[in-house]
Amino acid sequence: MINLKDIRETARDMLAKGEARAVIGYRRGSRGMLAEPAFLTKPEEADELVWDPTCFHNLSLYLVHDRKHLAHAGKNSGGAPVAIIAKGCDARSIVVLMQEHYFKREDVYIIGVSCEGTGVVDERKLATHLNGVQASNAAFDGDDFVFTTAEGEKRIPAREVMADRCLECRSPYPKEHNLVFGEDKTGRQLEAPFAALDRFEAQGAGERWENWARHFDRCIRCFACRSVCPMCYCDECVVDSITFPVTTETTADEKASRIRWIERSAARSENITYLMTRAMHLAGRCTDCGECDRACPVNVPIRLLNNKMEKEAREQFGFEPGASIGGPSLVASFLDKDPGEFIR
Amino acid sequence: MSKKRTGVFVCHCGTNIAATVDVAKVAREMSGEDTVAFTQEYVYMCSEPGQESVVQSIKDNKLDSIVVTCCSPNLHEKTFRDNAQRAGINNFTCEIANIREQCSWVHADKAKGTEKAIKISRSVVRRVNRNLPMDAVKVAVTRRAMVIGGGIAGIQAALDIANAGIEVILVEKQATIGGRMLQLSETFPTLDCSQCVLSPKMVEVNRHPNIRLMTYSEVKEVAGSVGNFRVKVHKRSSFVDPDKCKICDHCTEVCPVVVPNEYELGLTSRRAIYIPYAQAIPASFTLDEDACLGLNPIRCGKCKDVCEAGAIDYDMRPVTTTEEVGAIVVATGFDLYGPENMPELGGGRVEDVLDGLQFERLISASGATKGHILRPSDHKEPKDVVFIQCAGSRDPAKHCAYCSKICCMYTAKHARLYKKHVPDGRAYVFYIDIRSGGKGYEEFVQRTMEDDDTLYLRGRVSKLYRKGGKVRVMGTDTLTGQNVEIDADMVVLALAMTPSKGTMEIAKTLKIGRDKDGFLAEAHPKLRPVESVTGGIYLAGAAQAPKDIPETVAQAGAAAAKVIALLSQATLSRSPLIAKVRRSHCTGCGMCVEACPFIAIRLEGGKAVVNEALCEGCGSCSATCLRAAIDVKNVTQMQIHEMIEACLA
Amino acid sequence: MEKILEKKRVDDWVAALTGYEVHAPALEEGIWGYQPINGPIRLDHTNTKQPPKEFAFPQREVFFSFEQIKGEAPRLKQVMPSGPRHAVFGVRPCDGRGVPRMDKVFNDHAQDAYYNARRKNVAYVGLACNKPPSANCFCLSVGGSPVSTDGLDVQLTDLGDRYFVKAITEAGKDLMTAAGKLFADPSAADQKQLKQVHAAAVAHPQRAVNNPDQAPAKLKASFKSPLWDELAQACIGCGICTFLCPTCHCFDINDEVQGKAPLNGQRVRTWDNCQFPDFTMHSSGHNPREGTGARLRQRVCHKFQYFYENFGMHQCIGCGRCITECPVGIDIIHVVNKVVENAG
Amino acid sequence: MPDNIYLPSLGRIAYIKDEVVGERAIKTFHVEPLDGGWFDHDCGQCAMLSVFGRGEAMISIASSPLVKGYKQFSIMRVGRVSSAFHDLSVGDVVGIRGPYGNSFPIDDWRGKNLVFIGGGCGLAPIWPLITTAVAQRGDFKDITVFYGGRTSRDIMYRAELEKLRGSVDVHLSIDKMEEGWDGYCGFVPASVMNRDPSPQNAIAITCGPPIMIKFVIQNLNKLGFKDEQIYTTIENKMKCGIGKCGRCNVGKDYVCVKGPVYSWAELKYLPEEY
Amino acid sequence: MSDQQPYEPKIVAFLCKWCSSAGSDLAGVSRIQYPANATPITVPCTGAVSPMYIMSAFNKGADGVLVSGCHIGDCHYLEGNYLARRKMYLIMKLLEFIGVEQNRFRMSWVSAAEGAKFAQVITDFVGDLRPLGPQDKLKRAEIK
Ligand SMILES: Cc1cc2nc3c(=O)[nH]c(=O)nc-3n(C[C@H](O)[C@H](O)[C@H](O)COP(=O)(O)OP(=O)(O)OC[C@H]3O[C@@H](n4cnc5c(N)ncnc54)[C@H](O)[C@@H]3O)c2cc1C
Ligand SMILES: Cc1cc2nc3c(=O)[nH]c(=O)nc-3n(C[C@H](O)[C@H](O)[C@H](O)COP(=O)(O)OP(=O)(O)OC[C@H]3O[C@@H](n4cnc5c(N)ncnc54)[C@H](O)[C@@H]3O)c2cc1C
Ligand code: SF4
Ligand code: SF4
Ligand code: SF4
Ligand code: SF4
Ligand code: SF4
Ligand code: SF4
């Protein structure tokens, strides 16, 4: 069981001693019980921090924001690192970012939090459980989540309202960390990894297409999936259809010869191309934090696409995203024994 | 850059194309392209008048790029590029659309063939729209070579290069050159004395005006690329001035320190100050810093006192120099597979079980026993000797998957040499099969079996251990299916050849790849066997793969020839179709660096930088980059995008 | 025209609307959305994920197509929206109030032929909110009401087993007369119940923007407030808040090309979004709205200041979508309140 | 205004001139109506030009309203659409819709001294004003033009400027000294200070890079120009040109409708969003 | 496409310059007939084929996409085809996953000496594509 006091204490201490430039964590937002990202720079703000089942955001995204901000201002990080609260999946994202030289290990201070026996909630599942009742607080309690509502305390077995990614998570513990809270329950399994994917894959090709066609049709190309993903840190996405002066170095020629792989129209064909390209670009990089899936306002099951890539990578290439900072990248490496039977 | 003025020249190729492709229609369709300013058909574009009209049309119509739709680019790309140049436009703005081999010859249906020919032509027109005029990349060349490793491979390569009038720096890690060959007794298949062949070459190296010898030295860092490498060499201190040392041996007489002699593979010992071999080059003693009592006259200083030549200098310091060379030959040789990895063969801990090199020293006239075969444990002459081949080789499950290639031969040699020394001794050889491809090799083995009465047992040894002053060898003879047990006086393991430690280190330093077994990887297994993947770095000897001396010498000669060919040019010229980074889009993720088979990309200040001298233009980087931040010139993603569009229009 | 319609006869009404394509909320993948209806309709929805703005302002609108043969002048072919009239059922009062706001935008200064062509072809059948459909509803504080009829053509009020049906416009009357015999005249009791239901609806507690009337002036005074950056720190710059907003109208115009020889393509309008980082970026890279703070300010001030200054009403109609759907908890109520409060 | 404001009319490129070459190339185009008439415009207004298949870009109309047969545009090659323009040849057909935006209140300025201060490609938006004033030379008192480029090769309308010299005071400047340059050397705001034009009965009109405008205005204030005497134009990204696409606004005002011409007295009080 | 004409699958074939393109030349020299449905795009190496190209070809209306290069171990650039094999495997799996017919994407190794094989690969591919009919899943809607 993680004691929130310890997290707050750590944050306060680091800020007071100047050991961290900022602490990125979670705090209670203005809309009910849901946590929201918190950016602390003063020790006295440490008491705002929370740790509960609504802390679903992958805060490593804000390390990316921070780095972009610094780059824009022409500064280098210098001095103290940014401290960040990271779950298992989030910490893996941080590892991938470092693997891709996005920042250095010493630029980040990882305050790991173990998801222990459970994980975070899926708002959609929770909504059906609460049935219109508003909750004002959420808490971990062993295998249950406990919600405070106007109608009193509501205890729900965590697995009933947990996000799929947490149910299927095989390493709910931030291996890479400077400091970690909570027990390492790696190896615990609530559902088989890729359970949701397997269920989906069990359908025939025709059914799969029918499902995806409907999903792709719904996409409104709000790009929340891309914006919320720490791995989607490119200054200009290849699927952007507009020319985008990335830096002052970008020449008129480069802007003029921007490739329009897809159109801006939210049509099915374009949405597919966008989402499939995104999945390809995340192959071996997505750490299954599930944020894209969560953020999508129209419930496109984006996670399945990324999961599919993850599963293939694991099973065919023995590849695990975010496993180590110095490790190879999936698509820039190969093994002699990679599958080749599909080739004629 | 304003819009291109492209000319399209549609060749009939007699009826080769015209019979199944409506050439007039192809020309008509192409003239509808935005950038096409001129089209022409002709019966034989590659004929003299055809070529003339291409040149003339370029001039007359102020064309800046052309597409010739004809046969395979392998045939006439050069022809028409030359024409382009002759007409005053850049040859890289000429492209070929292959509508013969890939179209007219393989499709009989004229309508469909024409449609496909149009698509092919259109896609090439779109491609040419974005072709940049380019000049071949020119790099000036430093006319000096470096050879790393002073075994027979390095020695041969250095001599060949030096004899061509090119300066060579030969860098050897040990105190003497000579490598493994210096440790051998006599060599198959001729059984001539190894040192007798080698020593003159070593002396020649030492005397050669074009060779600078740097022993006791190691390469620490390499920068630059083909034609212009800058190599940092670190020379350890030997504390003895080779020019003054008279090799009088007085120093060793007084040195109180005794350590095992690595050159004799631990069969004997030496002092802290020593000479590896009598024939060492440079001919000088060396003071082993680690063994010496302290390089300090107060603590010891005995050797310095007795050295009349005043050659010993305790204050000598290591030096690091930077050498500029245009090409590098890597000849860092091999080691033997560690017996400690093979518990089934005693794990290196059973007495009187030797490896091949130890046996070489044992029978060498210059070795510890002055050529008498005496087993180490009790210095008695062994009467039953078991030779075990493939010790560690050809065993993918537990050890090395590959065949070490020379063990069959040297085991046969060992058996014969043994029988020569101990005519009443019995020699047994365990083998899997005999691989004796090579001039005179098979005859050599046969003679060992027949004339020298060696018992060849086909099978593996499952176990050996010491029993009553002997080594019990348990194996099977797969030919008879019988279990075999031999109580041997001595066992010799033909251990697998592995890349030497120095080879593994140098591969890292030079960033040249290694194959799956750890040997240095050649650029192409068939076509470029002596080149590394990195331009200007060549491979020779056992560092690249297990091989014997003749093969080593042949490869060294080939590497030298490559170096000579390279360095005889004043400048290098390379294809300009290489990768280019869009710096503003590169995030420095390093994936391209990882993907590039030619190690042509590095990260600098958070951006990918392509080494123009190394890039081969394969495009692996561009297909890997998630940000389309790296492209191969004239085959850019934009061009492919538009070609795809053209193919589907 | 005021009538009573028994709930079970709603489907008959829909069936009687032969000249119309009828749309009503339907649940797909856990999402309420307007869908063309052939069978029975449901009006027990919360609010739809997407507002009904698409009926007049679809995400993709083709302006015209063009064709150009080399050496000839291009031929343009105007594409005007056409098709059957639409009747959209189940529009919530807040979304209804979005309609006149969009009308203003698309007719101020210059008339937008495409919008108007679609607009005159659609009739909105609203449904009063007896109870706020979302925890983030705040229509009352922005001048609306759960029983508002603004922008609607017909208003339905749920009276248990019947609907109180009220025609607001001529178009609404047409809808009702199309199936005149299904309707009964309301009794006094019906009228009374309507009043009660409406009163209860208005009395239902809601979240609120504190001083909506002061907002324009206070926001104006707060243009340079450091609060913007602080409040927008978590914003990821996605398109959710705007794409789902019933009154957001920003768009982009692009040429989509299919063949190049001859050139053939179309000019297309697609939704765009002031929260995308490149929205206002010049080709030079200069961006008048650099950073999430400036962009959040634009969104909030557009809703609560600029629109007010131009048209005398708030553009935000309090549907709460942007609050509920924001993946990182940016809450327009909180933002406005905070900035206004801070302006002193 | 036409029924469908988004439907462009067609115009033929009648003339192309390389104004500036290099990385920041500028070309000048004359566009003639393909058939029939032309819309009229006032000094300072813009038009949405399109190359079909590539898209639209808002460009200032650089010719005087007095010129009837064609409209002039000077386009800098910066991106997708502008590059497409640079690829065009005489005879090619483009789309055009407009005119958009407000204009310079030239009628209020008759009888006054006019001081034009331009930098880089910022000469295009004020060029119709300069040429109109020169055509109606008698209506105005002293006309002074300050104009600077980074190098002498970046000076646009060079020949035309030289031709003006008789009736107008022209001061050209470049940022860094070059051989053979006899004009001022230094930034435009300094060039203005160097000549200190009098604010007496004068209107100053400035256009150029935002940073230049900022210093020009500071300097004009120093010289005694009042905010009402200073005019400038601003360019925010635009897609529709009619106040709907939502990006060019500065506070409540859509620049495509209320702008692009502003007096400093107005602009000063608008939020800094340009 | 008019109704009378039989359906002809459109294929984009990415051929590496050293092996498959040379192999197709050999098919030509040997006059081996095969269907005209595949339009070749020559690339330096299969390693240069970005998955984006595959997506884009389908998006632009290809009924099938072929990527063909040197056999493993024969790559002119040593490792390009190893890298390609992995990338193409992934994109193939992804296409399959969303329900695109397996037979729409194909990869083959055709060496410079395998003219007959090249012809066979195309013939088989066209044969496998024909029953699938036009690809409209990823295809951008046509402008009328
Ligand atoms: C037991 C045995 C018997 C054999 N008998 C025969 C025979 O009879 N006939 C025959 O033809 N072949 C025989 N061989 C094979 C023969 O020894 C090899 O073919 C030959 O020695 C290979 O030469 P080389 O120069 O490639 O390598 P090596 O002889 O290993 O020389 C490599 C040299 O490079 C130096 N070096 C290593 N790393 C570095 C570094 N990083 N920097 C600088 N210097 C470095 C080493 O010190 C060494 O001097 C036998 C081999 C064995 C094991
Ligand atoms: C009122 C006004 C007058 C202008 N006058 C001129 C002029 O006379 N000469 C000149 O060279 N330029 C002028 N510009 C700037 C010109 O509009 C942009 O340089 C041009 O739109 C860039 O388009 P692009 O497609 O080449 O660049 P890209 O970078 O490829 O453009 C990307 C996208 O953003 C849009 N975009 C980018 N910047 C702008 C912008 N500033 N305004 C509108 N849309 C933009 C483009 O339309 C395109 O869709 C003016 C701009 C405005 C607002
Ligand atoms: S998948 Fe969902 S989150 Fe992503 S762009 Fe589409 S609608 Fe937005
Ligand atoms: S793709 Fe989705 S699940 Fe994967 S890292 Fe990005 S946001 Fe997380
Ligand atoms: S893969 Fe692309 S972004 Fe990454 S370092 Fe290479 S060029 Fe840069
Ligand atoms: S084109 Fe090939 S050789 Fe050149 S940098 Fe890219 S991956 Fe390396
Ligand atoms: S406020 Fe929220 S919904 Fe809007 S852009 Fe920012 S993150 Fe996306
Ligand atoms: S701003 Fe938010 S609450 Fe207001 S109308 Fe738009 S989506 Fe609804």
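Protein chains in written order, with the working numbering: chain X, 14 to 357; chain R, 11 to 659; chain S, 1147 to 1490; chain C, 19 to 292; chain F, 495 to 638. Think of the CB as a built atom: it goes at the ideal place given N, C-alpha and C, for glycine as much as any other residue. Predicted model only: the values in this text are computed from it and were never measured.
- Nearest neighbour of residue 617(F) by Cα position, chosen from 575(F), 606(F), 579(F) and 530(F), turns out to be 530(F).
- With a cut-off of 8 Å on Cβ pairs, the region 183 to 191 of chain R is not in contact with the region 442 to 461 of chain R, counting fewer than three such pairs.
- The C-beta of residue 602(R) comes no closer than 8 Å to any C-beta of chain F.
- Close partners of residue 17(R) in chain S (Cβ separation under 7 Å) are lacking, with about 15 Å as the shortest Cβ gap.
- In this structure, residue 1269(S) places its C-beta atom within 8 Å of the C-beta atom of residue 1321(S).
- Judged by DSSP secondary structure, residue 73(X) falls within the alpha helix (DSSP H) whose first and last residues are 73 to 85.
- Contact between residue 481(R) and residue 504(R) is ruled out by a C-beta separation of about 16 Å, above the 8 Å threshold.
- Secondary structure note for residue 1384(S): it is in no alpha helix (DSSP H), with a DSSP letter that is neither H nor E.
- Contacts with chain S at 8 Å (Cβ-Cβ) do not include residue 614(R).
- Scanning chain F for C-beta atoms nearer than 9 Å to the C-beta of residue 19(X) yields nothing, as the closest lies near 42 Å away.
- Taking a 10 Å sphere around the C-beta of residue 1436(S), we find fewer than 16 other C-beta atoms and assign the residue as exposed.
- In this structure, residue 373(R) sits away from residue 409(R), with a CB-CB distance that is not shorter than 8 Å.
- In this structure, residue 97(C) lies away from residue 1400(S), with their beta-carbon atoms at least 8 Å apart.
- The C-beta of residue 1356(S) comes no closer than 8 Å to any C-beta of chain X.
- For residue 194(X), the closest alpha carbon among the candidates 222(X), 265(X) and 125(X) is that of 125(X).
- Counting only the Cα atoms, residue 1182(S) lies some 22 Å from residue 278(X).
- Residue pairing by DSSP places residue 481(R) opposite 476(R) and 498(R) in a beta bridge.
- Taking non-hydrogen atoms of ligand 6 into account, the C-beta of residue 276(R) is found less than 7 Å away from none of them.
- Of all residues in the region 604 to 620 of chain F, those with a C-beta nearer than 7 Å to a C-beta of chain X are 615, reading in chain order.
- Residue 577(F) holds the alpha-carbon nearest to the alpha-carbon of residue 602(R) among 577(F), 611(F) and 626(F).
- Its chain contains 262, 265, 267 and 268 as the residues whose beta carbon lies nearer than 7 Å to that of residue 281(R), once the 5 sequence neighbours on both sides are disregarded; these appear in chain order.
- A distance below 7 Å between beta-carbons, with the five flanking residues on each side excluded, links residue 144(C) to the following residues of its chain, in chain order: 134, 136, 223 and 225.
- When the five nearest sequence neighbours on each side are left out, the beta carbons in the same chain lying within less than 8 Å of the beta carbon of residue 1412(S) are those of 1208, 1209, 1210, 1211, 1212, 1225, 1401 and 1402, in order along the chain.
- Note on geometry: alpha-carbon atoms of residue 1297(S) and residue 1487(S) lie some 32 Å from one another.
- With respect to residue 1275(S), residue 1464(S) sits apart: the two C-beta atoms are not nearer than 8 Å.
- Of all residues in the region 1188 to 1210 of chain S, those with a C-beta nearer than 8 Å to a C-beta of chain C are 1209 and 1210, reading in chain order.
- Exposed is the label assigned to residue 25(R), since fewer than 16 other Cβ atoms lie within 10 Å of its Cβ.
- Residue contact check for residue 1289(S) against chain X: no CB pair falls below 8 Å.
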